[in-house]
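The working numbering applies: residue 160 is where the sequence shown begins, and numbers increase by one. Heads up, the beta-carbon is just placed ideally off N, CA and C, and yes, glycines get one too. Working notes for the structure below.
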Amino acid sequence: MVLLLAFIVCASIIGCDEANTLVDTKSIVFDIEDVTCTESFIRIAYSESLGERNVVVKRDGATIFSLNGSHIVDTTIADRPLRPSTKYVYRLSIDNTTLERTVVTKDTTTHTWSMQTQVFAEPASYLWGVYVVNDSLAYAVGGIYINDTLYNALEWDGKSWNPMQVQLVVPCNGVLIVPSLECVWGYNGGSTFFSDGGSVARYAGMKYTTDCRMTALLSGAIYAMYGVDESDMFVAGKNGTMIHYDGKGWLKENSSTSLHIKEVAGRKGSLYAVGISSLGDEGIIIKYHNGTWRPHIRTLTGSTGYTKNGLFNRTLYGSLEGIWVDESDALYAVGGFAYRYKNERWEYLPGFPENEVGTLPRNRGYLTDIDGNAHNDILVVGEYGTIRHFNGSTWTSIGGVDNFPDAETMWQGVSMKGRLCVAIGRRRGEAVLLTMMKK
């Protein structure tokens, strides 16, 4: 299947002799913009001065795109599905001029994991946040009772989870306590940051330091933390709260929304945040660009004005909970459905099962979070024990579809880095932690 992601044409009238002359290749753009395991994205453009031309694109000799008698200003073609780890040759013909490009699709990753589940059965135990730093360091936070003692964090040392008591100065009045924690973020080779929803503690080695300077800037509880590095970090949360740390101090920023921000994710130059209303019937994705947060796309339901014609153009359908950005800056978003934003175009997440507005999923639950290493190594989690892995070509249910529906398990968060993946959630009212190591 070939999909036109962007298509701009310009008509002109020229003679037949002019249409059959050779075209100066310097005036032609024929680039492979990106390649995944099963897709290639091809950009075609040429100067308006060339006028109207006959354009044909072939893959291994088979025509995948053709246009006669028009002038292409700028067009991006998505060619799918392709085979993983396979060489393809593309030829662009513009009248009598031919250009050639060769691509090799990416290889898939393994669906095979070793898994260990831990349940914290003492009453009132829960886990709210998780962050994997590397294969031998990860954190899960919340309120965990072990032998009647409250711990607010678990630290993975590469072999096992060890309980921690992260101390914060709360409420910045000189009193050290061990509060339940809401979220965590860490920088590989650097510090780890913890938040109880009202303040932030920095952990380096064996020392905790509470930074009280941002507390006065809050307009609601902190739900999420994310950074490009230790000197470029955001905390976000209730009522559109967004505060930026530049390595020296905190600055309150206008998030452009009053919705509750559940997650911040991305890469330098491609940072996004997702917000949701208290009722879950309205949401927003905002993007950080040139130092300013701006609305990117809104999410609606039938009760808040959703229309089918607006899908992917002005809005997405349903509430959203989790977002993630891959190595090519493509944005993924999950909630009631799963979506992808790539090459300036929204679409359903390719290949994800039971994922179309108007259908009722029967083999998965509502999706709460997404994370990954790259486009060919993604994990999505949700209610009813839903855990799905994408290896670049296929989606598979971790643990097997026979485990669905698991009405007793609600996965609420997931973090993945390298071979290690950690999911957190609730099962029968108890906190549950799933550690998965890729084989």
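| query | result |
| --- | --- |
| Candidates 436, 425, 367, of which the one nearest residue 397 by Cα | 436 |
| Validate contact between the stretch 402-418 and the stretch 446-454 using beta carbons, cut 8 Å, 3 pairs | yes |
| Residue(s) in a DSSP beta bridge with residue 321 | 314 |
| Own chain partners of residue 192 with C-beta closer than 6 Å, once the 5 adjacent residues on each side are dropped | 200, 202 |
| Limits of the unbroken beta strand (DSSP E) element including residue 187 | 187-194 |
| Cut-off 7 Å between Cβ atoms - residues of its own chain near residue 477, not counting five sequence neighbours on either side | 458, 460, 494, 495, 496 |
| Test item: CB-CB of residue 586 and residue 568 under 7 Å | yes |
| Identified DSSP bridge partners for residue 518 | Looking at the DSSP assignment, residue 518 forms no beta bridge with any residue, so it has no partner. |
| For residue 364, the first and last residue of its enclosing beta strand (DSSP E) | Careful: residue 364 lies outside any beta strand (DSSP E) and carries neither H nor E. |
| Those residues which DSSP pairs with residue 420 across a bridge | 434 |
| Assigned secondary structure, residue 376 (DSSP; H/G/I helix, E/B strand, else coil) | helix |
| Exposed unless 16 or more other CB atoms sit within 10 angstroms - verdict on residue 212 | buried |
| Opposing strand residues paired with residue 534 [DSSP bridges] | None, per the DSSP bridge assignment. |
| Residues near residue 259 by beta carbon distance below 6 Å, same chain, minus five either side | 250 |
| Own chain, CB closer than 6 Å to residue 593, minus 5 neighbours either side, in chain order | 276, 582 |
| Close beta carbons around residue 573, own chain, < 6 Å, minus the five adjacent residues each side | 528, 530, 538, 540, 582 |
| Residue-level contact to chain B via CB, residue 444, 7 Å cutoff | Here chain B cannot be found, since the structure has a single protein chain. |
| For residue 600, the nearest candidate out of 395, 368, 369, 360 (CA to CA) | It is not possible to answer for residue 600, since the shown part of the chain is limited to 160 through 598. |
| Simplified DSSP assignment, three categories, for residue 551 | coil |
| Neighbourhood of residue 216 by C-beta, 6 Å cutoff - its chain only, sequence neighbours within 5 removed | 223, 224, 251 |
| Three-state secondary structure assigned by DSSP to residue 265 | coil |
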